[in-house]
Every structure is written in structure tokens, then in C-alpha cells.
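Trainee: The structure's right below; bear with me while I get my questions together.
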Amino acid sequence: MAFPFSPPIAQETATEFFSSSGVKIKEAGTFVGEDTKDAKVNVADVAERVLKWEDVEVGEPKEGEIRVKNEAIGINFIDVYYCKGLYKAATLPYTPGVEACGVVTAVGPGLTGRQVGDLVAYAGQQMGSYAEEQILPANRAVPVPPSINPKVAASLMLKGTTAQFLLRRCFKVEPGHTVLVHAAAGGVGSLLCQWANALGATVIGTVSTKEKAAQAKEDGCHHVIIYKEEDFVARVKELTSNNGVEVVYDSVGKDTFEAAGEGFANVASGILRVRVNHTYSLSEAAQAHTDLENWKTSGSIVLIP
Ligand SMILES: NC(=O)c1ccc[n+]([C@@H]2O[C@H](COP(=O)([O-])OP(=O)(O)OC[C@H]3O[C@@H](n4cnc5c(N)ncnc54)[C@H](OP(=O)(O)O)[C@@H]3O)[C@@H](O)[C@H]2O)c1
Numbered sequence: 253m254a255f256p257f258s259p260p261i262a263q264e265t266a267t268e269f270f271s272s273s274g275v276k277i278k279e280a281g282t283f284v285g286e287d288t289k290d291a292k293v294n295v296a297d298v299a300e301r302v303l304k305w306e307d308v309e310v311g312e313p314k315e316g317e318i319r320v321k322n323e324a325i326g327i328n329f330i331d332v333y334y335c336k337g338l339y340k341a342a343t344l345p346y347t348p349g350v351e352a353c354g355v356v357t358a359v360g361p362g363l364t365g366r367q368v369g370d371l372v373a374y375a376g377q378q379m380g381s382y383a384e385e386q387i388l389p390a391n392r393a394v395p396v397p398p399s400i401n402p403k404v405a406a407s408l409m410l411k412g413t414t415a416q417f418l419l420r421r422c423f424k425v426e427p428g429h430t431v432l433v434h435a436a437a438g439g440v441g442s443l444l445c446q447w448a449n450a451l452g453a454t455v456i457g458t459v460s461t462k463e464k465a466a467q468a469k470e471d472g473c474h475h476v477i478i479y480k481e482e483d484f485v486a487r488v489k490e491l492t493s494n495n496g497v498e499v500v501y502d503s504v505g506k507d508t509f510e511a512a513g514e515g516f517a518n519v520a521s522g523i524l525r526v527r528v529n530h531t532y533s534l535s536e537a538a539q540a541h542t543d544l545e546n547w548k549t550s551g552s553i554v555l556i557p
């Protein structure tokens, strides 16, 4: 089973997941992505060519909208897909990024339920989080409990709701199941392993390096396979006495196919540890993409404006 692309995140799901609530600006630094013309250039070239730091007018929120000053911005692999042109943005140029946590700096006319000063997090179809400030539909933002660090919130919205969707709705993992998680030390993978373990499943993870294997083990993998050193299909058959697994979560997609409001509560209660292993300044987003694409990262990556 491959990861579905961006499962819809309803506000009630996010609230359940997290279980817990002006300044007029003319310009803000933001990254503006452009399409890539040449698919064969190396990843550093792609990241540097398409991500440009620019000042843009953010403006005032309209009816139903809020303006948010971001404190931490989550990086997801999908950001790379858009920068490389694998997924097409609706318009060019555009500001990338689909996940962040920040403070409300203005609310649209007549809006209730959100106030200036609220800490909120958001994720999903609204692109544009690689920015110091952005305008959002108010109903896409969920309140963040004060006990949650903004870096954790910015790492958890999309990845956490993805993990929740995959483990609780797409396929309901139960005690006694065996699950296989590819890229087990990645952003989503790290959460999947911890959560599946907490649900009582036997967790088998695949990773590329010994360092990532150690992290996956800490994250509740009962068995870790370094797929560059051994044939993961043969090893899974061996580990399961040829019975196979109930479900495979494949973060990797093509490469692997070719070879073959609970969230914050879970963080607060210690079931989930959100590994914010890499922090870059917003102006270093191109470097962050390059590192992500060169297998240099594990856990979550955040940009700090
Ligand atoms: N983030 C989300 O919420 C979300 C939502 C829907 C779908 N997805 C999908 O889930 C997958 C994982 O997303 P993520 O944001 O959590 O990323 P990630 O797991 O933090 O990073 C990707 C991981 O995939 C492995 N990998 C395999 N082939 C790779 C390649 N060609 N280049 C770089 N890394 C490669 C690497 O692990 P090893 O070194 O161990 O191989 C790497 O750590 C992506 O396919 C994404 O589109 C994510």
C-alpha cells in the first residue's frame, strides 16, 4: 500500500488529533517556487534554482480568513515533488509549503472563534507556509495547546494526521498485526512506527543506514532491515515465517515498487515522540530540500522564519 497523497484533514480530525486553542505588514520574506525545466539537473541545482527568497505583499485577511506569523514551518517530501515539477502547482510562481505553526496577527471582518495572539497550526491543501506571514482560511487552523512547542506542532500536523489516517482509517491496525514501514526513520515513518507499536502491532521497518536503524529501533521497530545491505523481501518472509504482513506503508513510492487531536494527546502522554532532528532558517530552505533529497535527514525538518 502506498501512502495516499495528502489525505483530507478535516478540522475535527485535527482537533481530535491535537486534543486540546495587528500588525499591518506590507511585505514579508517568502519563497517563490518556479517550475523546473530540466528534470536531469542535480538536486542542489533544482532546489537553488527554484527556491528564491522574495518580498511579497501579504495583505489583510478577508472575511473568514486570518493572518498568521509563522514560528516554525514543517518540511514534507511533497514540497520537493512540487519544486521538481512532479506535482504541478496551480499557478507559477507560488510559495511552497503545506504545514506550519504560528501566531494569529489579524482576523478578517466579523470573524469569531480566533483572536490575535492565538497559537495555531495548519496543514493541507493551502500552499504557502514557506513564509514569515501568510493568510489562511480560519477554518483550516486548529488551536495549539500551550504545552506543545511550535516546532513539534509544525512537524505533527500533516505527518501526524497522515499517520492517523493510515493506521486508524485506511487500514485499522490492531494487536497481533504485523506491519512493514518503509523509510521508518523518516518524518511520517517515525510516527508510524511508534504509533503502530503502541497499538500492539509487530513493527518491521526498512531504512538505508545504520544510524537510521538505531533511530527506528528507538521508535518501536521490533525488527529493522537495512535495505541496502539485505534483501528486505526475503528478510520479511523469514521474520514472518512466510506469513507476510497485514499492511505495508511505503513512504518511498516508485523506487520500492520497482524493487518489489490523537496526535498532541499522544505527544503529551508520551506515546509519540516527534523527532525534530533538523532545523534550518527559512532562508536556507533550498539547502533543506537538498539534504532531504540526498538521504541526509531523519525524523522531521522545520524551517524557522
Ligand atoms: N509528510 C506527510 O504528511 C505525507 C502525507 C502524504 C504522503 N506522504 C508521502 O510519504 C512519503 C514520506 O514523506 P515524509 O515527508 O515523511 O518524508 P521523509 O520520510 O522524511 O523522507 C523521505 C525518506 O524516504 C527515503 N527515501 C527513499 N527514496 C528516497 C529518495 N529518492 N530521496 C530521498 N529519500 C528517499 C529516505 O529514507 P531511507 O534513507 O531510510 O531510505 C528518507 O528519509 C513521501 O512519499 C510523501 O509524499 C507524506
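Quick note on this note's numbering: the sequence shown kicks off at 253 and runs consecutively.
C-beta atoms are modelled at their ideal positions from N, C-alpha and C, and glycine is treated no differently.
Computed from a prediction, not measured in an experiment: that's the story for all the values here.
May I have the straight-line CA-CA distance separating P557 from S535, to the nearest angstrom?
Mentor: As a first step, residue 557 must be located in the sequence shown, where it is residue number 305. As a first step, residue 535 must be located in the sequence shown, where it is residue number 283. So the alpha carbons of these two residues sit roughly 8 Å apart.
Trainee: Ignoring anything shorter than 3 residues, give me the beta strand (DSSP E) runs that lie fully in the region 357-443, in order along the chain.
Mentor: Counting only runs of 3 or more, we get 371-375, 385-389, 393-395 and 430-433.
Trainee: Any heavy atom of ligand 1 within a distance shorter than 6 Å of the CB on S407?
Mentor: The residue given as residue 407 occupies position 155 in the sequence shown. Because no heavy atom of ligand 1 lies under 6 Å away, the Cβ of S407 does not count as near it: no.
Trainee: Output the distance between the C-alpha atoms of E467 and L418, rounded to the nearest integer angstrom.
Mentor: As a working note, residue 467 is residue 215 in the sequence shown. As a working note, residue 418 is residue 166 in the sequence shown. According to the sequence as given, residue 467 is Gln; it is not Glu. Between Q467 and L418, the C-alpha separation is close to 21 Å.
Trainee: Under the three-state reduction of DSSP, which class applies to A540: helix, strand or coil?
Mentor: Residue mapping note: residue 540 aligns to position 288 of the sequence shown, counting from 1. Correct three-state label for A540: helix.
Trainee: Is G337 near ligand 1, in the sense that its beta carbon is under 6 Å from a heavy atom of that ligand?
Mentor: The residue you call residue 337 lines up with position 85 of the sequence shown. No, ligand 1 has no heavy atom inside 6 Å of this Cβ.
Trainee: Say yes only if the C-beta of L444 is nearer than 6 Å to one or more non-hydrogen atoms of ligand 1, and no if none qualify.
Mentor: Start at 1 with the first residue of the sequence shown, and residue 444 comes out as number 192. Not so, every heavy atom of ligand 1 lies at least 6 Å from the Cβ.
Trainee: Since G354 and V372 should fall inside the 8 Å C-beta cutoff, what is the C-beta to C-beta distance between them, to a whole number of angstroms?
Mentor: Within the sequence shown, numbered from 1, the residue matching residue 354 stands at position 102. Within the sequence shown, numbered from 1, the residue matching residue 372 stands at position 120. Rounded, the Cβ-Cβ distance is 7 Å, consistent with contact.
Trainee: With contact counted as at least three CB pairs below 8 Å, one residue from each stretch, are the region 434-448 and the region 403-421 in contact?
Mentor: Short answer: they touch.
Trainee: Can the beta-carbon of A436 be found closer than 7 Å to that of G452?
Mentor: Position 184 of the sequence shown, counted from the first residue, corresponds to residue 436. Position 200 of the sequence shown, counted from the first residue, corresponds to residue 452. Contact flag unset, no.
Trainee: How would you call D290, buried or exposed, if buried means at least 16 neighbouring beta carbons within 10 angstroms?
Mentor: Stepping through the sequence shown from its first residue, residue 290 is reached at position 38. The predicted model places D290 with a pLDDT of 46, which falls under 50 and marks its position as unreliable, so this point remains unresolved.
Trainee: Classify T430 as buried or exposed, calling it buried when 16 or more other Cβ atoms lie within 10 Å of its own Cβ.
Mentor: Translated into positions along the sequence shown, residue 430 becomes position 178. Classification for T430: buried.
Trainee: Determine whether the beta carbon atoms of C445 and V459 lie at a separation below 7 Å.
Mentor: The residue labelled residue 445 in the question sits at position 193 within the sequence shown. The residue labelled residue 459 in the question sits at position 207 within the sequence shown. No, the Cβ-Cβ distance between C445 and V459 is not below 7 Å.
Trainee: Does the region 529-546 touch the region 325-340, meaning 3 or more C-beta pairs lie closer than 8 Å?
Mentor: Short answer: they touch.
Trainee: I need the boundaries of the beta strand (DSSP E) containing I523, first residue and last residue.
Mentor: As a position in the sequence shown, residue 523 is number 271, starting the count at 1. Note, I523: premise wrong, no beta strand (DSSP E); not H, not E.
Trainee: Considering Cα atoms alone, identify which of Y501, H475, D502 and N529 is closest to T492.
Mentor: As a first step, residue 492 must be located in the sequence shown, where it is residue number 240. Of Y501, H475, D502 and N529, the residue nearest in Cα terms is H475.
Trainee: If you check the beta carbons only, do S407 and V554 fall under 7 Å apart?
Mentor: The residue you call residue 407 lines up with position 155 of the sequence shown. The residue you call residue 554 lines up with position 302 of the sequence shown. Yes.
Trainee: Answer with buried or exposed for Y501, where buried requires no fewer than 16 other C-beta atoms within 10 angstroms of its C-beta.
Mentor: The residue you call residue 501 lines up with position 249 of the sequence shown. Buried is the call here.
Trainee: Measuring alpha carbon to alpha carbon, tell me which residue in E514, K403, V499 and A341 is nearest N529.
Mentor: Taking the sequence shown and counting its residues from 1, the one referred to as residue 529 is at position 277. Among E514, K403, V499 and A341, the Cα nearest to that of N529 belongs to K403.
Trainee: Rounded to whole angstroms, what is the Cα-Cα separation between G316 and P395?
Mentor: Counting from one through the sequence shown, the residue named residue 316 turns up at place 64. Counting from one through the sequence shown, the residue named residue 395 turns up at place 143. Using only the alpha carbons, I get a separation of about 16 Å.
Trainee: Can you have a look at P366 and say buried or exposed, based on whether 16 or more other CB atoms are within 10 angstroms of its CB?
Mentor: The residue you call residue 366 lines up with position 114 of the sequence shown. First, the amino acid is wrong: residue 366 is Arg here, not Pro. Per the 10 Å Cβ criterion, buried.
Trainee: Could you tell me which residues DSSP pairs with R319 in its beta bridges?
Mentor: The residue labelled residue 319 in the question sits at position 67 within the sequence shown. BP columns for R319 point to A358 and I387.
Trainee: Just to confirm the assignment, what range does the alpha helix (DSSP H) spanning K304 have?
Mentor: Taking the sequence shown and counting its residues from 1, one reaches residue 304 at position 52. From DSSP, K304 is part of no alpha helix (DSSP H) but of the beta strand (DSSP E) over L303 to V308.
Trainee: Pull up the CB-CB distance for E385 and R319, whole angstroms please, since I reckon it's below 8 Å.
Mentor: Position 133 of the sequence shown, counted from the start, is the residue given in the question as residue 385. Position 67 of the sequence shown, counted from the start, is the residue given in the question as residue 319. Confirmed, about 6 Å.
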